[in-house]
Amino acid sequence: MKNNIDLSVIIPYSEKLRFEPVENIYKIYKQALDSTGLQYEFIFVINGNSGIMNNVYRALCALVEGGEKIRIIKLAKTFGEGTVLSLAFENSLGNKILTLPPYEQIIPEEIPKLITALEDVDMIVARRTPRIDSWINRLQSGIFHYLIGFRSDFRFHDLGCSVRAFKRRIIDKVFLYGEQHRFFPILVQRYGYHVTEIPVIQSPKDDFQRIYPLVTYLRRFTDIISVFFLVKFTQKPLRFFGILGLFTFFLGVLLAGYLFVQRMFMGVALADRPLLLFDLLLFVGSVQLFAIGLIGEIIIFTHAKDLKDYTIEKIIN
């Protein structure tokens, strides 16, 4: 049965995200996919057990009772969207996978273009252009992508767009959890897969102004740091912790020199100075950071044969 399904279409619903009525979004996406001539399946994931999500679940059940061939996965509680997508990937059957948001981010007529472009690459990321939503959304997006591109080789422009198509072999290598779904293309590219952005027309309905609480922006900033570490230093933790350790050590040396000059040539007592304690903390912290890096290197060395962070495209002869 698995080989009969060309495309798995995954649509996650969560009470934390905006969404359109199930009947409307299903009809819109189905019409767009019918034009591709592919055998496809719809997988709706209900993320949570609140009253709102139960209403969505009942609406989906009504579609099934009406003869629509869709699959429904309902979670007992709310999880991160990365976890939700991983669960949907495991329960999908298609040779290709298409993730779509529960509302129109792009005009549906652009969906077949993404699937066609997937023939030559491993993953297609939709890029809404020109952006027609509010300047606040565009400003936030610009800052977000600048931080991601800063000191890295990744140059994406619209990771906030949930419309992505990719081949099944990707999910055998790349695992999502928590809130890593935004960075999925970056993690995929890290393994050597060919990821391409395709310009698409933004839907007029995608004009919702997005302003989040401060804690949300702080979480996203820490997510960026986390992904940067995973991409750059997973195989070489000593570089990351070693650099921090050496910086902390030299800062301690400079501070110790300053205290030495004050004590020897200026007659300033050190016994009751908090600066001396801070200097000692710098030296201890530098040793601990360096030790963490060394332990990480030892762990990676002992498990090196099990760690395959590469992807073979083809072998000839």
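First residue of the sequence shown? That's 0 in numbering that gives the first Met the number 0, and the numbers climb one at a time after it. All residues carry an ideal CB built from backbone N, CA and C; glycine is no exception. All values derive from a computational prediction rather than experimental measurement.
Asked                                                                                                             : Found
Local Cβ density within 10 Å of Asp152, reported as buried at 16 or more and exposed below that                   : exposed
Span of the beta strand (DSSP E) around Phe41                                                                     : Tyr39 to Asn46
Cα-Cα separation between Ile197 and Phe249, rounded to whole angstroms                                            : 47 Å
Spatial neighbours of Lys1 in its chain, beta-carbon cut-off 6 Å, leaving aside the 5 residues before and after   : Bear in mind that the predicted position of Lys1 carries a pLDDT of just 46, short of 50, making it too unreliable to give a figure here.
CB contact flag (Tyr12, Phe18, <9 Å)                                                                              : yes
Phe165 - containing beta strand (DSSP E), residue span                                                            : Arg163 to Lys166
N- and C-terminal bounds of the alpha helix (DSSP H) containing Leu84                                             : Glu80 to Glu89
Cβ distance (whole Å) where Lys166 is taken to contact Asp206 below 8 Å                                           : With 8 Å as the limit, Lys166 and Asp206 do not qualify as a contact, their Cβ atoms being about 32 Å apart.
Buried/exposed call for Lys204, threshold 16 Cβ in 10 Å                                                           : exposed
Burial state of Val162, where buried means 16 or more other Cβ atoms lie within 10 Å                              : buried
Distance CB(Leu181)-CB(His156) smaller than 9 Å                                                                   : Here the sequence assigns Arg to residue 181, which means Leu is not the residue at that position. Not closer than 9 Å, so no.
Leu99 (DSSP reduced to helix, strand or coil)                                                                     : coil
Segment limits, alpha helix (DSSP H) that includes Ile242                                                         : Pro236 to Phe264
Phe45 and Ile96 closer than 9 Å at C-beta                                                                         : Reading the sequence as shown, one finds Ile at residue 45 and not Phe. Taking 9 Å as the Cβ cut-off, Ile45 and Ile96 do not qualify as a contacting pair.
Cβ neighbour criterion (16 or more within 10 Å) applied to Met52                                                  : buried
contact_flag[the stretch 284-292, the stretch 262-274] where n(CB pairs < 8 Å) is 3 or more                       : no
C-beta contact flag for Ile295 and Phe240 at 9 Å                                                                  : Note that residue 295 is Gly in the sequence shown, not Ile. For Gly295 and Phe240, yes; Cβs fall inside 9 Å.
Per DSSP, the bridge partner or partners of Lys73                                                                 : Ile45
Val267 CB to nearest heavy atom of the ligand MG below 8 Å                                                        : With respect to the ligand MG, the structure offers nothing, as it holds no ligand at all.
Uninterrupted alpha helix (DSSP H) stretches inside the stretch 166-207 (no shorter than 4 residues)              : 183-189
C-alpha gap between Pro129 and Val252, whole angstroms                                                            : 52 Å
Rounded separation between Gly191 and Ile185 - CA only                                                            : 10 Å
Exposure label - Pro100; buried when at least 16 CB within 10 Å                                                   : buried
Pairwise C-alpha distance: Phe277 and Ala87                                                                       : 50 Å
Close-in-space but distant-in-sequence residues of the same chain around Ile49 (CB under 7 Å, 5 per side omitted) : For the sequence presented, residue 49 should be read as Ser rather than Ile. Contacts found: Glu14.
Which residues DSSP lists as bridging Pro20, in chain order                                                       : Answer is none; Pro20 lacks a bridge partner.
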